[in-house]
Amino acid sequence: PEPWILDNDYEEGDLVEAQSQIYSCKPFPYNGWCGLEAYEPGLGSHWSMAWEAVGKCNGKTTGSPTKFPTSVPTITAESHDHPKKEEESAKPFEPVKGE
1 PEPWILDNDY
11 EEGDLVEAQS
21 QIYSCKPFPY
31 NGWCGLEAYE
41 PGLGSHWSMA
51 WEAVGKCNGK
61 TTGSPTKFPT
71 SVPTITAESH
81 DHPKKEEESA
91 KPFEPVKGE
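If you count by my numbering, then the sequence shown holds residues 1 to 99, one letter each, in order.
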C-alpha cells in the first residue's frame, strides 16, 4: 500500500504503510481521524482509535500501474464483420418537447 499521508481524506478500509506495518482505516465515524497527525498509524497512544493493524509490510510492491494496456486485444472476423441489427444501431438524439 501507499505510505500514510498527513491530512489525506481516508475512507473505511483504505490501506496504508507506516512504521513497516500495514494499517486499515476504521469505519465511520473513526475514518475522520485517519489523516490527522495525532492518529498517525503506529505512533503515539491514539492511532488505534482510527486504524487497525493488519500485518507487516515487506517493502515489496507489485509495481506501478500502467497507463496503457500491456497487451493488444484480438479482433476476430466474427466480432469485426458482424453487422448490427437495426434496433441495435445508434439512433439520433431527439429532445423531448415541452408542453
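Heads up, the beta-carbon is just placed ideally off N, CA and C, and yes, glycines get one too.
Query: Given M49 as reference, the closest of C34, G55, Y10, K56 once Cα atoms are compared; Result: C34
Query: CB of I22 within 8 Å of CB of P3, strictly; Result: no
Query: Strand pairing of P3, partner residues [DSSP]; Result: E17
Query: P27 Cβ short of 7 Å to the ligand SAM heavy atom set; Result: As for the ligand SAM, it is missing from this structure, which has no ligand bound.
Query: Euclidean distance between Cα positions of S20 and C57; Result: 5 Å
Query: Reduced DSSP category for G32 - H, G, I as helix; E, B as strand; rest coil; Result: helix
Query: Which of helix, strand or coil DSSP assigns to A50; Result: coil
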